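In the working numbering, the protein residues as written are 5 to 300.
Each residue gets a CB set at the ideal place from its N, CA and C atoms; glycine is no exception.
Just so it is clear, the structure is predicted and the values come from calculations on it, not from any experiment.
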C-alpha cells in the first residue's frame with residue numbers, strides 16, 4: 005500500500021493537463037519524480053499509458069509513484085470524467101528505449117492487478133475548469149502576458165531534444181499585443197497569463213523542462229529542454245495555437261517573427277525532384293505537392 009501512503013502523505017502534486025494526458029510530480033525518498041499518464045487509448049482499448057522517471061520504473065516495473073498518481077486523479081474527481089467505460093489496464097513503456105513491453109496491470113502494491121473504474125464523457129471540460137481555478141491564483145487578476153516560444157534548431161539537433169527559449173508578448177492597456185521579446189518565465193505566478201492554456205503549458209515546462217536562465221539580447225531568458233515523453237504534446241499544443249517560432253540563427257532570434265509554425269492536419273505532402281542538365285553540371289530543384297497544392 006506504499007502508493008496509497010504516498011498519496012495520503014501529500015507527496016503528489018496538483019494535476020497538470022496536456023491534451024489527453026496528465027503530468028504529476030511525486031516526492032520520493034530524497035528525489036522528485038515526474039509521472040505522465042496518458043488517456044488517449046482509454047475509450048478505444050480500455051488502457052492507459054503511464055510512465056515515471058524513477059529507477060524502479062526504468063527497470064520495467066510499475067512503481068508506487070504511478071499508483072499514488074492514479075489515486076490523486078481519482079480523488080480529484082476525474083474518475084468519472086475519463087472517456088469510455090469499464091476497467092482500465094495500465095501499460096508500462098520502457099524508460100530506456102521507449103519500446104513497449106507486454107501490457108501489465110497495477111494494484112495497490114504496484115505489482116499485481118487493479119481495475120481503475122474510470123468512465124464517462126466530458127472529463128476534459130471539467131479538468132479545464134479545475135485547472136483554471138488552481139492556476140489562476142487570486143480571482144479578478146487579469147493576465148498581461150502571452151506565452152510564446154522559439155525553437156533553437158542548432159541546440160535541438162545537437163542534444164537530440166527539443167530546446168525552447170521563452171519569448172513572451174505583453175498586452176498593452178488597450179488589449180493590443182506587443183512584439184516578441186526574450187523573457188524570464190514565472191516560476192509560480194502563472195496568473196500573469198490571460199490564456200489558461202498558457203498557464204498550464206508554462207507550469208508543465210517549469211516543472212519538467214529543466215529550466216535555465218540564459219542571456220539573450222541583453223535580457224534574461226528562460227530556456228527549456230523538453231522531456232522527450234512530452235515533446236509530442238508540447239509541439240501539438242504550441243503549433244495548434246500558433247505560439248512557437250523557429251530559429252536557425254546563432255543568436256536565437258526567430259527566423260520570421262510574423263510567421264509562427266502551424267500544425268498541418270491535411271494529407272501528407274509529396275516531394276517532387278527535378279534534375280536538369282546545364283552542360284557541365286546538373287541542377288536539382290524540389291517542390292511539395294498535395295492534391296492541387298504546390299509549394300516550391
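Same chain, Cβ closer than 6 Å to residue i, neighbours up to 5 away in sequence not counted
i, result
"residue 188", "224, 226"
"residue 293", "274, 276"
"residue 216", "227"
"residue 57", "37, 38"
"residue 245", "none"
"residue 166", "160, 230, 235"
"residue 300", "291"
"residue 182", "173, 174"
Counterpart residues of residue i in DSSP-defined beta bridges
i, result
"residue 280", "287"
"residue 149", "174, 197"
"residue 265", "Looking at the DSSP assignment, residue 265 forms no beta bridge with any residue, so it has no partner."
"residue 40", "27, 55"
"residue 274", "293"
"residue 154", "169, 249"
Boundaries (first-last residue) of the beta strand (DSSP E) holding residue i
i, result
"residue 169", "167–170"
"residue 196", "Counting along the chain, residue 196 falls outside any beta strand (DSSP E), and DSSP gives it neither H nor E."
"residue 26", "25–31"
"residue 223", "223–229"
"residue 216", "216–220"
"residue 250", "248–251"
"residue 188", "It is not in any beta strand (DSSP E) - residue 188 carries neither H nor E in the DSSP assignment."
Contacts around residue i, its chain only, beta-carbon distance under 7 Å, and the 5 residues preceding and following it disregarded
i, result
"residue 153", "168, 169, 170, 171, 242, 247, 248"
"residue 151", "172, 197, 202, 205, 206, 247"
"residue 265", "243, 248, 249, 250"
"residue 256", "154, 156, 169, 220"
"residue 32", "58, 69"
"residue 270", "294"
"residue 218", "225, 227"
Opening and closing residue of the alpha helix (DSSP H) in which residue i lies
i, result
"residue 300", "It is not in any alpha helix (DSSP H) - residue 300 carries neither H nor E in the DSSP assignment."
"residue 161", "157–163"
"residue 238", "235–245"
"residue 73", "68–77"
Spatial neighbours of residue i in its chain, beta-carbon cut-off 8 Å, leaving aside the 5 residues before and after
i, result
"residue 20", "26, 27, 28, 135, 204, 207, 208, 211"
"residue 286", "279, 280"
"residue 15", "30, 31, 32, 72"
Backbone secondary structure at residue i - three-state DSSP
i, result
"residue 57", "coil"
"residue 50", "coil"
"residue 205", "helix"
"residue 200", "helix"
"residue 139", "Only weak support is given to the placement of residue 139: the predicted model assigns it a pLDDT of 38, under 50, and the value that follows is read from those uncertain coordinates. Residue state, collapsed to three classes: helix."
"residue 12", "helix"
"residue 211", "helix"
"residue 232", "helix"
"residue 20", "strand"
Cβ of residue i within 7 Å of any chain C Cβ
i, result
"residue 79", "Among the protein chains of the structure shown there is no chain C, as only one such chain exists."
Next item on the list: Could you say if the segment 45–53 and the segment 228–242 meet the contact criterion of at least three C-beta pairs nearer than 8 Å?
Entry: no
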